[in-house]
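J.: Protein chains in written order, with the numbering used here: chain A, 37 to 237; chain B, 37 to 237. The structure under discussion is supplied below as structure tokens; questions concerning it will follow.
Protein chains: 2
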Amino acid sequence: MPAKTRTESSQPDARERLLNAALVLFTQRGYAASSVREICAAAGVTKPVLYYYFNSKEGLYLHLMEESYALFVSLVPKLTSYTGTVRQRVIHLCEGIFDTSTQKLDVVRLIYSIYYGTPQGAPAYNFDRCYDRLLEIIVGLVREGIEQGEFRAGDVGDMTWAILSCLNVAIGGQLSHCPPRIDRTAIARILTLLFDGLREK
Amino acid sequence: MPAKTRTESSQPDARERLLNAALVLFTQRGYAASSVREICAAAGVTKPVLYYYFNSKEGLYLHLMEESYALFVSLVPKLTSYTGTVRQRVIHLCEGIFDTSTQKLDVVRLIYSIYYGTPQGAPAYNFDRCYDRLLEIIVGLVREGIEQGEFRAGDVGDMTWAILSCLNVAIGGQLSHCPPRIDRTAIARILTLLFDGLREK
């Protein structure tokens, strides 16, 4: 097999360039304001290339969303296979999701901008599917914690939301306009506070 | 003093109508896409009326932001004057902020859409000022909790973020595309979990 030429090895292919260009334009200019022409120009491809891979701007957008959901799903086995106490496993899960979110911060930013932003005519996408899957995993861990006597008996839903809150504020904080005030190390510290309680015993 | 006519008592004045119209348009169509002409048409006033009260679209937007900050500041004495244990006071504070946020959900929605949304050329506004003030209040409560022996000694910053997380997820949840999954009563329950800890003692 011949060695790859420099161009082949260092440049992402047209499909990848389209995804990257769309992500930048959708986040910085908005979905509605980004035209097929502009996305193609930014990716250095012609319109038929976009239509060939994604059919339309809508298709390109939905692909970005599906790809991030697929990434999350692919991480689940690794994030949940950690062995240790339930509290260690909760921390491992939350740190893993935080890490992926910061590595893919542009995608997270796009998701937040579509979810909380002005409606822009982007095709409907069920963002809560990812959240629901995460809730489900945490519910499972909380149940296990209670069954094994590591957590006290309590409302599983409330306990799950308490855990998810910490992760939420840490990820949301990375999108702040100021330098983020919560870093990765804070997740374990805040979760530990939740496990042990603030109350003087 | 003569009784107010029906029109006077039931219709907001032009200034108020402009603020309401701008809030709706900025949230639903976006700041950039809402023109002075459209805002005036929705408010049923002529352009000079907008210029008279707010100088410009920018001025109208900044007024909405300043007004919500002023509302928050005006609530602080009431939210912090509650007497009781520190944990009761934290719950009272968080429930009070949640209540105001749900009463003013359109403003909260606009703030989220500007903060997390695609940049739309809206004039810069320091949203973190409100957050910082809130952090300051919670820091004060946590310090008091520790000093009075109600909370155990610990990192005040981490304890503050742990508390703020619960409030954050409850308010953010009100902007969800699905029916909110956290209601007002969950705030006290989740904070109580944080105070007491999840761990079986």
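For glycine and all other residues, C-beta sits at the position ideal for the given N, C-alpha and C. Keep in mind it's a predicted model, so treat the numbers as computed, not measured.
In the DSSP output, which residue or residues are listed as bridge partners for F187(A)?
T.: R235(B)
J.: Roughly how far, in whole angstroms, is the beta-carbon of L86(B) from the beta-carbon of L59(B), given that I think they are within contact range, below 8 Å?
T.: Actually they are not in contact, since the Cβ atoms of L86(B) and L59(B) sit about 14 Å apart, beyond 8 Å.
J.: Pick from A57(A), T228(A) and F163(A): whose alpha carbon is nearest that of V72(A)?
T.: A57(A)
J.: List, in order along the chain, the chain B residues whose C-beta lies closer than 7 Å to that of T82(A)?
T.: Within chain B, no residue comes near T82(A); the closest Cβ sits about 26 Å away, beyond 7 Å.
J.: May I ask whether a heavy atom of the ligand NAP can be found less than 7 Å away from the beta carbon of L203(A)?
T.: The model depicted lacks the ligand NAP and carries no ligand whatsoever.
J.: Identify the contact partners of L96(B) in chain A, using a Cβ-Cβ distance below 9 Å as the criterion.
T.: Simply none; closest approach about 17 Å.
J.: Within 10 Å of its beta-carbon, does A158(A) have 16 or more other beta-carbons around it, so buried, or fewer, so exposed?
T.: With 16 or more Cβ atoms within 10 Å of its Cβ, A158(A) is classed as buried.
J.: Find out if the Cβ-Cβ distance for the pair F62(B), L146(B) is shorter than 8 Å.
T.: yes
J.: Using a Cβ-Cβ cut-off of 7 Å (strictly less than) and excluding sequence neighbours within five positions of G233(A), which residues of its own chain qualify?
T.: none
J.: Given a cut-off of 8 Å, decide if I223(A) and F134(A) are closer than it, judged by their beta-carbon atoms.
T.: yes
J.: May I ask you to list, following chain order, the residues of the segment 192-204 of chain A that have a beta carbon less than 9 Å from some beta carbon of chain B?
T.: G193, D194, M195, W197, A198, I199, L200, S201, C202, L203 and N204
J.: In three-state terms, what does DSSP make of K114(B)?
T.: K114(B) carries a helical assignment under DSSP once its states are collapsed to helix, strand and coil.
J.: Can you give the Cα-Cα distance for L229(B) and P48(A), rounded to whole angstroms?
T.: 48 Å
J.: Going along chain B in order, which residues have a C-beta closer than 8 Å to the C-beta of F134(A)?
T.: Within 8 Å Cβ-Cβ: nothing; F134(A) doesn't reach chain B, min ~13 Å.
J.: In its own chain, which residues sit with a C-beta less than 8 Å from the C-beta of K83(A), not counting the 5 before and 5 after it?
T.: V72, R73 and C76
J.: Within its chain, find whatever has a CB closer than 8 Å to the CB of L129(B); leave out the 5 residues flanking it on each side and keep chain order.
T.: L115, T116, Y118, I173, I174 and L177
J.: What number of angstroms, rounded off, separates the C-alpha of L171(B) from the C-alpha of E103(A)?
T.: 36 Å
J.: Anyone know if the C-beta pair for I218(A) and A198(B) falls short of 8 Å?
T.: no
J.: So the alpha helix (DSSP H) F90(B) belongs to, where does it begin and stop?
T.: F90(B) -> alpha helix (DSSP H) spans K83 to F90.
J.: Can you grab the Cα-Cα spacing for the pair C166(B) / Y161(A), in whole Å?
T.: Roughly 32 Å between the two C-alpha positions.
J.: Do you know offhand how far T154(A)'s Cα is from R188(A)'s?
T.: About 42 Å.
J.: Pull up the distance between the alpha-carbon of D168(A) and that of Y105(A), whole angstroms please.
T.: 12 Å
J.: I'd like to check one pair, S137(A) with Q210(A): are the Cβ atoms closer than 8 Å?
T.: yes
J.: For T138(B), return the contacting residues in chain A, with the cut-off set at a CB-CB distance below 7 Å.
T.: Neighbours of T138(B) on chain A: none; closest Cβ ~16 Å, over 7 Å.
J.: Closer than 8 Å, CB to CB, is T116(A) near chain B or not?
T.: no
J.: Determine whether the beta carbon atoms of E236(A) and E186(B) lie at a separation below 8 Å.
T.: In terms of Cβ geometry, E236(A) and E186(B) form a close pair [threshold 8 Å].
J.: State the DSSP-derived secondary structure class of C76(A), mapped to helix, strand or coil.
T.: helix
J.: For chain B, check one thing: does any of its Cβ atoms lie closer than 8 Å to the Cβ of Q64(A)?
T.: By this cut-off, Q64(A) is an interface position.
J.: What ranges does the alpha helix (DSSP H) occupy inside the segment 123-185 of chain A, keeping only unbroken runs of at least 4 residues that lie completely in it?
T.: 141-152 and 164-183
J.: Quick one: measure Cβ to Cβ for H213(A) and D164(B), integer angstroms, because I've assumed they're closer than 8 Å.
T.: In this structure, H213(A) and D164(B) form a Cβ contact; the two beta carbons are roughly 7 Å apart against a cut-off of 8 Å.
J.: In this structure, does DSSP put Q210(A) in helix, strand or coil?
T.: coil
J.: Would you tell me roughly how many angstroms separate the C-alpha atoms of P216(A) and D194(B), rounded to the nearest one?
T.: Rounded to the nearest angstrom, the two C-alpha atoms are 14 Å apart.
J.: Measure from the C-beta of A58(A) to each C-beta in chain B and report whether the shortest distance is under 8 Å.
T.: Answer no: the Cβ-Cβ gap between A58(A) and chain B never drops below 8 Å.
J.: Out of curiosity, what's the CA-to-CA distance linking V143(B) and Y97(B)?
T.: 11 Å
J.: Assuming G66(B) and Q156(B) make a contact with CB atoms under 8 Å, what is their CB distance in whole Å?
T.: Going by Cβ atoms, the distance from G66(B) to Q156(B) rounds to 6 Å, so yes, they are a contact pair.
J.: Residues of chain B with CB under 8 Å from D49(A), in chain order?
T.: The contacting residues do not exist; D49(A) stays about 27 Å from chain B at best.
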